[in-house]
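Structure, as structure tokens:
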Amino acid sequence: MNPLTKLIDYGQSFWLDNISRGFTRAGSLADLIVNDGLRGVTSNPSIFEKAVASSADYDDAIRELAAQNMTPEQMYDKLTTDDIREACDTFHGLYTQTKGGDGFVSIELPPHLAKDTAGSIAEARRLWPLINKPNVMIKVPATDEGIPVIRQLISEGINVNITLMFGAGYYEKVIDAYFAGLEDRMAKNLPLSGIASVASCFVSRVDTAADKLIQAAADAATDDAKKAQLMGLLGKVAIANSKRLYTLFLQSIESARWKKLAAAGAHRQRPLWASTSTKNPKYPDTYYVEALIGPDTVDTMPPATIDAFRDHGKLGAHLEAGMEEAEEQLQALESLGISLKEITDALLSEGLDTFDKAYDELLGVIQKKASVLAGAGAGQ
């Protein structure tokens, strides 16, 4: 039995947190759909940087684009939108079969727009018809400046994947923005049924940050009881935080506000568990995936985590279990002097910086490859 194919029985779709031209064109992406039940793909500048830098799959295209005197930014735009379009085509059958419930491919807005509301809206409006696929999602970060972007894009019928979302305060705003965008459409008598959105809740990075603070506090503690309480929270905060976010989702779909939208044909904005690979080698490699299996959710996994779960993943409706205990753990964390909000605020800032650097590095890789390939061509 392949446990990946059984996740959908628990109401969860698993997506691939990776994209590359060679992988798609070799038929490997299609194989994951057929053999493992893959139901979507996410991408970001870090993923594209690795794909372009680590293979020759893009060399011919870069050579051709460089010959047209394109800038690195223009080449990036062409390479990434072509990759996304091809992946969307690979998922088109699933998208049709699920009536728009799955089969999505996400593309990130350029990271420098993360705090530019007007610029983000303009770029999304450009990308949506450029890619021209009903199953593409535009990724918008959950910054203060990104929240009105979500509302505006949803109101215009553009699918949105909210990214870099870490804490409950952000999620409440994201849910409100999604509902408001749908309500804006209703006010104009526009259809709601064709619009899809996910809210990406980042997981393992929360433990990476929290564990450092917990361990430091435990090392400094002189009271044995406090030390033991702190040590008992190691590796628990990320899952507890995710359960808190899922509770917000469940509350939102029970609201009268949502029921009115659902009656008009709106799709639920599913929580998406991102960063579910295990960063700490002390924790099992399927630790986060197994803990967060539950209805109306998506888990986006990198290739190594997919392989691990296929090999020895344990199935079970684990997400909805222990919700009260999870909340108690988060309250204990606060009572011990560690602020979850400070952790999640810092993670958002770090995430934006990481994507910014990856984007700049990607442009540098493209520039370097263009120069080398142009030189090689001139020498032939």
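Numbering (our numbering), first residue to last: 739 to 1118. Each residue gets a CB set at the ideal place from its N, CA and C atoms; glycine is no exception.
Check: Secondary structure of isoleucine 1076, DSSP reduced to three states; Outcome: coil
Check: Exposed unless 16 or more other CB atoms sit within 10 angstroms - verdict on arginine 763; Outcome: exposed
Check: Closest by C-alpha distance to phenylalanine 786, when choosing among Tyr814, Gln806, Ile1031; Outcome: Tyr814
Check: Beta-carbon contacts of proline 1009 that lie in its chain and below 7 Å, excluding the five residues immediately before and after; Outcome: Ala937, Cys939, Leu983, Tyr984, Phe987, Thr1035
Check: Beta-carbon proximity list for glycine 884, same chain, < 6 Å, skipping 5 on both sides; Outcome: Val878
Check: Touch test, the region 745-765 against the region 800-812, Cβ-Cβ under 8 Å, three pairs minimum; Outcome: no
Check: Cutoff 7 Å; reference isoleucine 991; Cβ partners in own chain excluding five residues on either side; Outcome: Arg1006
Check: Assigned exposure category for alanine 1116 - 16 Cβ within 10 Å defines buried; Outcome: A caution first: alanine 1116 carries a pLDDT of 46, below 50, which makes its placement in the model too unreliable to give a value.
Check: Helix, strand or coil at isoleucine 691 according to DSSP, with G and I counted as helix; Outcome: Any answer about residue 691 is impossible in this case: the structure gives the chain only from 739 up to 1118.
Check: Proximal residues to threonine 818 (C-beta, below 8 Å), its chain only, five neighbours per side dropped; Outcome: Ser781, Phe786, Ile845
Check: Assigned exposure category for methionine 739 - 16 Cβ within 10 Å defines buried; Outcome: exposed
Check: Where the beta strand (DSSP E) containing threonine 743 begins and where it ends; Outcome: No beta strand (DSSP E) holds threonine 743; the alpha helix (DSSP H) holding it covers 741-744.
Check: Given 8 Å, three or more beta-carbon pairs between the region 972-982 and the region 1059-1075; Outcome: yes
Check: Beta-carbon proximity of aspartate 1023 to threonine 1016, cut-off 8 Å; Outcome: yes
Check: Strand pairing of asparagine 897, partner residues [DSSP]; Outcome: In the DSSP output, where bridge partners are listed per residue, asparagine 897 has none listed.
Check: Identity of the residues DSSP links to isoleucine 876 by a beta bridge; Outcome: Ile845, Val898
Check: Collapsed DSSP secondary structure at arginine 1008 in the structure displayed; Outcome: strand
Check: Bridge partners - aspartate 1037, DSSP secondary structure assignment; Outcome: Phe752, Trp1011
Check: Same chain, Cβ closer than 8 Å to isoleucine 913, five either side skipped, listed in chain order; Outcome: Ala937, Leu986, Phe987, Ser990, Gln1007
Check: Helix, strand or coil at methionine 808 [DSSP, three-state]; Outcome: coil
Check: First and last residue of the uninterrupted beta strand (DSSP E) at leucine 780; Outcome: The sequence as given places threonine at residue 780; leucine does not occur at that position. Run containing threonine 780: 778-780, per the beta strand (DSSP E) assignment.
Check: Closest Cα partner of phenylalanine 917 within the set Ala994, Leu972, Pro872, Asp949; Outcome: Ala994
Check: Spatial distance of lysine 788 from alanine 804 (CA atoms); Outcome: 20 Å
Check: Residue from Leu742, Ile888, Asp1098, Asp755 with nearest C-alpha to glutamate 910; Outcome: Ile888
Check: Simplified DSSP state of serine 938, which is helix, strand or coil; Outcome: strand
Check: Own chain partners of glycine 1051 with C-beta closer than 6 Å, once the 5 adjacent residues on each side are dropped; Outcome: Pro741, Thr1024
Check: Straight-line Cα distance separating aspartate 957 from alanine 934; Outcome: 46 Å
Check: Cβ neighbours of glycine 1032 in the same chain (closer than 8 Å, five flanking residues each side left out); Outcome: Tyr748, Gly749, Gln750, Tyr984, Ala1055, His1056, Leu1057, Glu1058
Check: 8 Å contact criterion, which glycine 841 and glycine 778 should meet: CB distance rounded; Outcome: 6 Å
Check: Cβ-heavy atom distance, threonine 960 to the ligand NAD, below 7 Å; Outcome: By its list of ligands, the structure shown contains no ligand whatsoever, and the ligand NAD lies outside what it can speak to.
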